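Undergrad: The structure that follows is given in the form of structure tokens.
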Amino acid sequence: MPQLTRELPNYESEKVAANLQFVDGLVWSRSGFLAVADVRQRKIFRLDSDPHPKILRDSDGGASGLAYDLQGRLYICESETRRVTRLDLAGKVETLAENWQGRKFNAPNDIVVRRDGHVYFTDPAFGSANDRRDLDFFGIWHISPKGELDVAAKWKTRPNGIAVSADGKSLFVTDSDRHAVVAFDLDRAGTAANPRDVIRNVAGVPGGIRTDVDGRFYVAAKGVGIYSPDGKLQRTLLESEYASNCTFGEGDLESLFIGARGTIYRVKLGVKGALQY
Numbered sequence: 107m108p109q110l111t112r113e114l115p116n117y118e119s120e121k122v123a124a125n126l127q128f129v130d131g132l133v134w135s136r137s138g139f140l141a142v143a144d145v146r147q148r149k150i151f152r153l154d155s156d157p158h159p160k161i162l163r164d165s166d167g168g169a170s171g172l173a174y175d176l177q178g179r180l181y182i183c184e185s186e187t188r189r190v191t192r193l194d195l196a197g198k199v200e201t202l203a204e205n206w207q208g209r210k211f212n213a214p215n216d217i218v219v220r221r222d223g224h225v226y227f228t229d230p231a232f233g234s235a236n237d238r239r240d241l242d243f244f245g246i247w248h249i250s251p252k253g254e255l256d257v258a259a260k261w262k263t264r265p266n267g268i269a270v271s272a273d274g275k276s277l278f279v280t281d282s283d284r285h286a287v288v289a290f291d292l293d294r295a296g297t298a299a300n301p302r303d304v305i306r307n308v309a310g311v312p313g314g315i316r317t318d319v320d321g322r323f324y325v326a327a328k329g330v331g332i333y334s335p336d337g338k339l340q341r342t343l344l345e346s347e348y349a350s351n352c353t354f355g356e357g358d359l360e361s362l363f364i365g366a367r368g369t370i371y372r373v374k375l376g377v378k379g380a381l382q383y
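This is the structure:
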């Protein structure tokens, strides 16, 4: 990854929505809007130029993580129904994964789709989800473009946010219990290998994660920490907020949208995010 030489500027944040209840999944659509999963309302909203969120999907199964693929299909981690689904352009819902060897997932949480169609999602168990677990581990999962499911990693701690690097060769996962970010190497077949910590001692509980084209990390926790490619904290955005997730968006992909409880903020960064699909 390239070395960074320029100083980060001072950033200003603005509220773009404040009438939600608890925002988790955030993803930018190529159609020009932000898709938002509100866990408590059990709805997925879309935010565009209209200041009032519109319902994209109702009764969503407890949606948390969201992702799009190149075809414009929306991938959804449904924490309550304990499955991963995909919503096509016609509004048809398809179940992609809901169990492993006959045992239900814990509570799928966050998801990302690589440009070639490989899907990765995390499966921790927070709160009451921990009481109903069928699996004896917390998983990071891989779905191939052919729909084949396999375990990318089995953890005793809880994985949360997930992202792919701009070149598609690395997978990044936040570890909420260890307050860390773990990197994996990805090969052309989508196999994840060589796990290692790239960030440690994250302030707060790390949730969603994104990267930019220069290799920086953006980790939602107590605010959003901006880290250099070698894992050094450079700046914290919205330090007084507890952020759940973030994503890059708008036409230039230079705006970072941040979900913090029932509010969504936008910060214009002046650096392009790594598009996640």
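In the numbering used here, the protein residues as written are 107 to 383.
Positions of the beta carbon are idealized from the N, C-alpha and C atoms, including for glycine.
Quantities reported herein were computed from a predicted structural model and do not represent experimental measurements.
If we count the other Cβ atoms within 10 Å of its Cβ and call it buried at 16 or more, is N307 buried or exposed?
TA: Looking at its Cβ environment, which holds fewer than 16 other Cβ atoms inside 10 Å, N307 is exposed.
Undergrad: Going by Cα to Cα distance, which pick from V199, G274, A141 and S170 is closest to G313?
TA: Checked all of V199, G274, A141 and S170; the closest Cα to G313 is S170.
Undergrad: Given D240, which residues of its chain have a CB within under 7 angstroms of its CB, disregarding the five upstream and five downstream residues?
TA: Excluding sequence neighbours, D240 sits near R209 and K210.
Undergrad: Using CA coordinates, which residue listed in D229, W134, P265 and S334 is at the minimum distance from R179?
TA: Residue W134 is the option with its Cα nearest to R179.
Undergrad: By DSSP's criteria, Y333 is part of a beta bridge. Which residues make up the other side?
TA: The partner list for Y333 (beta bridge, DSSP) reads F323 and L339.
Undergrad: For Y174 and chain B, any beta-carbon pair shorter than 8 angstroms?
TA: Looking for chain B here will not work: only one protein chain is present.
Undergrad: So H158 is in the beta strand (DSSP E); what residue range does that whole segment cover?
TA: Careful: H158 lies outside any beta strand (DSSP E) and carries neither H nor E.
Undergrad: Would the stretch 293-306 and the stretch 349-366 be scored as touching if the rule is three or more Cβ pairs under 8 angstroms?
TA: Not touching, per the Cβ criterion.
Undergrad: For E200, which option in Y181, K338 and G379 has the closest C-alpha, if you only look at C-alpha atoms?
TA: E200 has its Cα closest to that of Y181, out of Y181, K338 and G379.
Undergrad: Quick one: give me the first and last residue of the beta strand (DSSP E) that E184 is part of.
TA: Its beta strand (DSSP E) spans residues L180 to E184.
Undergrad: Return the chain-ordered list of same chain residues with a C-beta closer than 8 angstroms to the C-beta of P159, the five sequence neighbours on each side being excluded.
TA: So the qualifying residues of the chain are A123, N125, L126, V142, F151, R152 and L153.
Undergrad: Helix, strand or coil for S276? Go by DSSP, reduced to three states.
TA: Note: S276 maps to strand in three-state DSSP.
Undergrad: Could you spell out the range, first to last residue, of the beta strand (DSSP E) harbouring V199?
TA: Element bounds for V199: V199 to A203.
Undergrad: Verify whether the separation of the beta carbon atoms of F244 and R264 is less than 8 angstroms.
TA: In this structure, R264 lies closer than 8 angstroms to F244 by Cβ.
Undergrad: Exposed or buried, G138, counting other C-beta atoms within 10 Å across all chains shown (16 or more means buried)?
TA: Classification for G138: exposed.
Undergrad: Are the beta-carbon atoms belonging to E345 and A366 less than 8 angstroms from one another?
TA: Result no, Cβ atoms of E345 and A366 do not sit closer than 8 angstroms.
Undergrad: List the DSSP bridge partners of T228.
TA: Paired residues: I246.
Undergrad: Tell me whether Q109 sits in a helix, a strand or coil according to DSSP, three-state version.
TA: Here Q109 scores only 43 on pLDDT, less than 50, and its place in the model is too uncertain to base an answer on.
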